[in-house]
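Notes to accompany the following structure.
2 protein chains.
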Amino acid sequence: EIVAALDTELSGNAEHNGALPLDASPEHDDHAPTPDAFMAHAPTAAGPLAGCHVVITAGPTREAIDPVRYLSNHSSGKMGFALAEAARDQGARVTLISGPVTLATPAGIHRVNVISAMEMLEAVNATLADCDIFIGCAAVADYRLEEVAEHKLKKVPGSTALTLNLIENPDIIAAVTHREQPPFTVGFAAETRELARHAHDKLVRKRLDLIVANDVATPGLGFGADDNAAVLYHLAASGSEAAVTSHTLSPRAKRALAQALLDYMLPLYRAHQPTRSPAAP
Amino acid sequence: EIVAALDTELSGNAEHNGALPLDASPEHDDHAPTPDAFMAHAPTAAGPLAGCHVVITAGPTREAIDPVRYLSNHSSGKMGFALAEAARDQGARVTLISGPVTLATPAGIHRVNVISAMEMLEAVNATLADCDIFIGCAAVADYRLEEVAEHKLKKVPGSTALTLNLIENPDIIAAVTHREQPPFTVGFAAETRELARHAHDKLVRKRLDLIVANDVATPGLGFGADDNAAVLYHLAASGSEAAVTSHTLSPRAKRALAQALLDYMLPLYRAHQPTRSPAAP
């Protein structure tokens with residue numbers, strides 16, 4: 010019900026991105042297949058992720074200030090979309106929950122469009138029941154406006170300052186990992202400094218199975234770019250929070266990075282699976 | 010010098026819009042012609058605006074919060090780009106100063122890309138020396154952050170709120186009209202209510218020659234849409250601030266609306282010209 014409601018926001022959302030030339034392209038099909046049509050494709054899938062439902066969030070979220078203004082960030086959605094394609098090619102059934110971006114929906118992927126962090130949380134909750142792997146790649150706004158103005162805010166004559174009061178958004182990925190039987194969960198950390206410290210901290214605090222750390226201060230990589238590099242961190246087999254294993258993926262196209270990331274993830278996912286199987290004690 | 014510096018920001022800017030499919034298109038040529046190549050085309054122009062230099066601002070501005078977050082608005086740039094094309098077709102030499110949008114540069118138009126309101130002001134100032142008509146179509150952010158964080162802001166553990174302190178941006182269009190010999194100046198008012206009152210107030214306060222008022226609360230029109238409607242306001246021939254003439258342009262494609270707007274503007278521009286000619290006393 011929520012997903013259907015969000016789907017109707019699609020065209021308006023694409024408009025807001027000013028994606029006119031894309032709208033005119035027959036390839037730019039934002040209309041996700043119906044769940045029935047989508048499920049019908051599942052049995053034919055093969056590959057290491059066959060039978061696996063992967064849920065991926067992508068892009069930025071936008072937090073409205075008033076009907077015309079918003080807070081957002083530079084996430085383009087390219088990394089999340091590349092991961093969706095890579096997971097599909099490894100046989101997974103993929104749900105891609107995307108903030109406002111100007112990217113076309115990859116073939117065979119169920120896309121759900123959202124604008125704000127609150128909408129993204131609802132869409133994530135609606136897909137978690139049968140989710141095996143959750144990859145939180147979206148750059149979710151940490152804060153939203155305490156109050157969204159119904160009409161366009163006017164400058165106050167004589168006043169040269171304005172204060173925006175923000176409140177914390179829900180932590181979507183922590184909401185996923187704190188469920189009773191959480192899926193295998195991959196998080197992202199986009200940082201401009203102290204990458205390792207922030208990533209390690211986030212890995213433990215958010216109970217992630219794997220974290221992908223990007224240095225977004227590097228020109229040509231990260232936000233908006235076509236290439237990316239990453240350092241992957243996860244707890245060592247001992248499970249101690251002090252023993253973290255890291256693995257560096259050198260700069261390459263986001264599509265190739267996505268593939269390498271899933272290849273590295275696969276044995277970790279397989280080792281993790283039994284502990285949260287419904288059949289386990 | 011400023012213009013050249015801004016031009017180098019182009020590719021980074023297009024990246025931030027996530028406009029990958031557009032980047033790949035040979036039509037998406039963000040690289041404006043050199044001033045020499047551009048001027049060489051001027052003598053061949055014919056039409057009611059031949060010999061006239063029209064400067065148009067378009068799109069939103071983005072005001073950085075930190076390296077990854079920003080404030081912006083839903084302007085797509087479509088109306089400003091449509092005006093640039095319409096002015097070019099009427100024989101004008103056109104400079105288009107654009108905020109971050111995903112639109113291709115129309116042929117024969119000199120485009121300058123900017124991100125923030127401060128950058129847009131600098132670019133406008135750099136083009137005003139020989140500007141005959143200035144059309145301020147950009148949705149310039151009224152406020153920017155008092156301080157831009159050098160590194161990504163981190164959530165403060167235990168704190169659930171954040172305050173953003175904003176200060177007023179310079180009023181670009183008022184800076185244009187308050188020059189000693191201002192060009193004929195057209196402003197825009199995008200409102201969600203009390204259109205006529207806000208437009209009249211802005212016309213007088215900002216010393217505009219013409220204001221184009223849009224009701225952006227109407228679905229399918231205005232921000233991001235392909236169609237638009239407008240009410241034009243200008244002072245009646247008496248020049249009294251109490252006597253305002255209005256003219257309604259019904260909903261139509263933005264390109265057609267741009268044409269109609271310039272057609273309506275032309276006699277007002279011609280009537281206005283002598284009073285600010287360098288030859289006048």
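Keeping their order, the protein sequence lines are chains F and C. Just so it is clear: in the first sequence, position 39 is 48 by the numbering used here, and no numbers are missing. Just so it is clear: in the second sequence, position 59 is 68 by the numbering used here, and no numbers are missing. Cβ atoms here follow ideal geometry from the backbone N, Cα and C, with glycine treated the same way.
Host beta strand (DSSP E) of residue i (start-end)
{"i": "H243/F", "result": "236-244"}
{"i": "G196/C", "result": "193-200"}
{"i": "E189/F", "result": "Note, E189/F: premise wrong, no beta strand (DSSP E); not H, not E."}
{"i": "D224/C", "result": "219-224"}
{"i": "L175/F", "result": "170-177"}
{"i": "R216/F", "result": "Neither: R216/F is in no beta strand (DSSP E) and is coded neither H nor E."}
{"i": "I106/F", "result": "102-107"}
{"i": "E74/F", "result": "Glu is not the amino acid found at residue 74/F; the sequence shown has Ile there. Premise fails: I74/F is in no beta strand (DSSP E) and is neither H nor E."}
{"i": "V298/C", "result": "The structure shown does not extend to residue 298/C, since chain C is modelled only from 10 to 290, so the question has no answer here."}
{"i": "G145/F", "result": "142-145"}
{"i": "L112/F", "result": "That residue, L112/F, is in no beta strand (DSSP E); it is neither H nor E in DSSP."}
Proximity of residue i and residue j at Cβ, strictly below 7 Å
{"i": "A150/F", "j": "T70/F", "result": "yes"}
{"i": "Y152/C", "j": "L171/C", "result": "no"}
{"i": "I65/C", "j": "L92/C", "result": "yes"}
{"i": "K215/C", "j": "N237/C", "result": "no"}
{"i": "K161/F", "j": "P228/F", "result": "no"}
{"i": "F232/C", "j": "V225/C", "result": "yes"}
{"i": "A96/F", "j": "V63/F", "result": "yes"}
{"i": "L219/F", "j": "H243/F", "result": "yes"}
{"i": "L275/C", "j": "P57/C", "result": "yes"}
{"i": "V121/C", "j": "A132/C", "result": "yes"}
{"i": "I82/C", "j": "R78/F", "result": "As written in the sequence, residue 82/C is Asn, which differs from the Ile given in the question. Going by C-beta atoms, N82/C is nearer than 7 Å to R78/F."}
{"i": "L80/C", "j": "L80/F", "result": "yes"}
{"i": "L3/C", "j": "P260/C", "result": "There is simply no residue 3/C to check, as chain C begins at 10 and stops at 290 in what is shown."}
Alpha helix (DSSP H) segment containing residue i, residue limits
{"i": "E159/F", "result": "Careful: E159/F lies outside any alpha helix (DSSP H) and carries neither H nor E."}
{"i": "F232/C", "result": "From DSSP, F232/C is part of no alpha helix (DSSP H); its letter is neither H nor E."}
{"i": "V185/F", "result": "181-186"}
{"i": "G89/F", "result": "87-98"}
{"i": "R279/F", "result": "263-281"}
{"i": "L58/C", "result": "Unbroken run through L58/C: none, as it is neither H nor E."}
{"i": "T136/F", "result": "126-136"}
Cβ-Cβ separation, residue j to residue i (assumed contact under 8 Å), whole Å
{"i": "L258/F", "j": "L266/F", "result": "6 Å"}
{"i": "A73/F", "j": "G108/F", "result": "A73/F to G108/F, Cβ: 13 Å. No contact."}
{"i": "A67/C", "j": "G89/C", "result": "2 Å"}
{"i": "M129/F", "j": "I106/F", "result": "6 Å"}
{"i": "A246/C", "j": "V253/C", "result": "The Cβ separation is near 12 Å, so there is no contact."}
{"i": "I142/F", "j": "P192/F", "result": "6 Å"}
{"i": "T136/F", "j": "T104/F", "result": "5 Å"}
{"i": "V5/F", "j": "V221/F", "result": "Since the first and last residues shown for chain F are 10 and 290, residue 5/F lies out of range."}
{"i": "L173/F", "j": "L204/F", "result": "Not a contact, Cβ separation roughly 29 Å."}
{"i": "A126/F", "j": "I181/F", "result": "7 Å"}
{"i": "A158/F", "j": "R102/F", "result": "A158/F to R102/F, Cβ: 41 Å. No contact."}
{"i": "K87/F", "j": "D210/F", "result": "Between D210/F and K87/F the Cβ distance is about 26 Å, and since that is not below 8 Å, they are no contact."}
Residue i CB to nearest heavy atom of the ligand MN below 6 Å
{"i": "Y152/C", "result": "Looking for the ligand MN in the displayed structure turns up nothing, as the structure carries no ligands at all."}
Practice problem: Give, in chain order, every residue of the region 65-97 of chain C whose Cβ lies closer than 7 Å to some Cβ of chain F. | Solution: P76, V77, R78, Y79, L80, S81, N82, H83, S85, G86, K87
Quiz item: At a Cβ cut of 7 Å, what residues of the region 153-169 of chain F count as close to chain C, listed as they run along the chain?
Solution: H160, K161, K164, T169
Quiz item: Using a beta-carbon distance cut-off of less than 7 Å, what residues from the region 169-194 of chain F approach chain C?
Solution: T169, A170, L171, T172, L173, N174, L175, I176, E177
Quiz item: Quick one, which residues of the region 209-239 of chain C are near chain F if we go by CB-CB under 8 Å, in chain order?
Solution: V225, A226, F232, G233, A234, D235
Exercise. Note down, in chain order, all residues in the region 194-206 of chain C with a beta-carbon under 7 Å from any beta-carbon belonging to chain F.
Key: A199, E200, T201, R202
Quiz prompt | Near-chain C residues of the region 108-142 of chain F - C-beta to any C-beta below 7 Å | solution = V110, T111, L112, A113
Quiz item: At a Cβ cut of 7 Å, what residues of the region 255-281 of chain F count as close to chain C, listed as they run along the chain?
Solution: none
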